[in-house]
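Asks: In this note's numbering, the protein residues as written are 41 to 241. Starting off with a structure, shown below.
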């Protein structure tokens, strides 16, 4: 048992902080992809590890009030992006939710990526990685990137004054140089909105 792939993976898991996300590739030093997958399947059946999505696992942290805490969709997406050495930017309803422009929790999340396109089922929710041109991922600021995607989702001519106010408050927390860079990558109607924050600086 001590020499088995299953045992080695379990020891690897136990050395890591609970809540850490693991991908099948993280254990390939212990055996082939097929053997690792089989070992992980056995560990899932023994409840030593939780299967979050296909090829994605975690030893769940436990909260005294709500019990087991599953990793967030965002953390799962970031783990996959890190493995693939890919850049990702959240779009649509997720960008709106992240900025507080919508309280709706999206069931289908779309990320722009320069990595492989794929769709992943995480519980009842879906992560879709949509491959796009490098220019679409050239933004530098986390906040300004979200703002551009959120405004695209709202659409030209549909942005309310209250939404603009929320956006301005967020952009004031963005690095000025990153903001100036990212404004140039946005459509002109979005540039007009984003430039207003520079006047307030």
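Idealized CB from N, CA, C, for every residue including glycine.
Return the CA-CA distance between residue 135 and residue 78, expressed in angstroms with no decimal places.
Replies: Going by the C-alpha atoms only, they are around 37 Å apart.
Asks: Which full runs of the alpha helix (DSSP H) of 4+ residues lie inside the stretch 68-114, going along the chain?
Replies: The stretch 68-114 contains these whole alpha helix (DSSP H) runs: 73-85.
Asks: Pick out the complete alpha helix (DSSP H) segments inside the stretch 128-158, 4 residues or longer, and give them in chain order.
Replies: You should have 132-138.
Asks: Where are the alpha helix (DSSP H) runs, 4 residues long or more, that stay fully inside the stretch 173-203, in chain order?
Replies: For the stretch 173-203, whole alpha helix (DSSP H) runs of length 4 or above, ordered along the chain, are 182-194.
Asks: In three-state DSSP terms, what is residue 170?
Replies: Looking at residue 170 - three-state DSSP - the assignment turns out to be strand.
Asks: Between which two residues does the beta strand (DSSP E) containing residue 53 stretch?
Replies: It is not in any beta strand (DSSP E) - residue 53 instead sits in the alpha helix (DSSP H) that spans 45-55.
Asks: Taking residue 76 as the reference, give the member of 54, 50, 60 and 56 with the closest Cα.
Replies: If we check each option's Cα against that of residue 76, 50 comes out closest.
Asks: Between which two residues does the beta strand (DSSP E) harbouring residue 225 extend?
Replies: It is not in any beta strand (DSSP E) - residue 225 carries neither H nor E in the DSSP assignment.
Asks: Using only the alpha-carbon positions, how far apart do residue 170 and residue 222 sit?
Replies: Between residue 170 and residue 222, the C-alpha separation is close to 20 Å.
Asks: Helix, strand or coil: which one does DSSP assign to residue 238?
Replies: Looking at residue 238 - three-state DSSP - the assignment turns out to be helix.
Asks: Could you name the residues that DSSP lists as bridge partners for residue 162?
Replies: Looking at the DSSP assignment, residue 162 forms a beta bridge with 165.
Asks: Any beta carbon from chain B within less than 8 Å of residue 78's own beta carbon?
Replies: Although the question refers to chain B, the structure presented lacks it and comprises just one protein chain.
Asks: Helix, strand or coil for residue 212? Go by DSSP, reduced to three states.
Replies: Coil at residue 212, not helix or strand.
Asks: Distance, Cα to Cα, residue 161 vs residue 96?
Replies: Cα-Cα distance, rounded: 10 Å.
Asks: For residue 189, count the other beta carbons within 10 Å of its own beta carbon; 16 or more makes it buried, fewer makes it exposed. Which is it?
Replies: It counts as buried.
Asks: So, is residue 234 buried or exposed, given that buried needs 16 or more other C-beta atoms within 10 angstroms?
Replies: Classification for residue 234: buried.
Asks: Are residue 92 and residue 98 close, meaning C-beta to C-beta below 8 Å?
Replies: It is a contact, given that the beta carbons lie within the stated cut-off.
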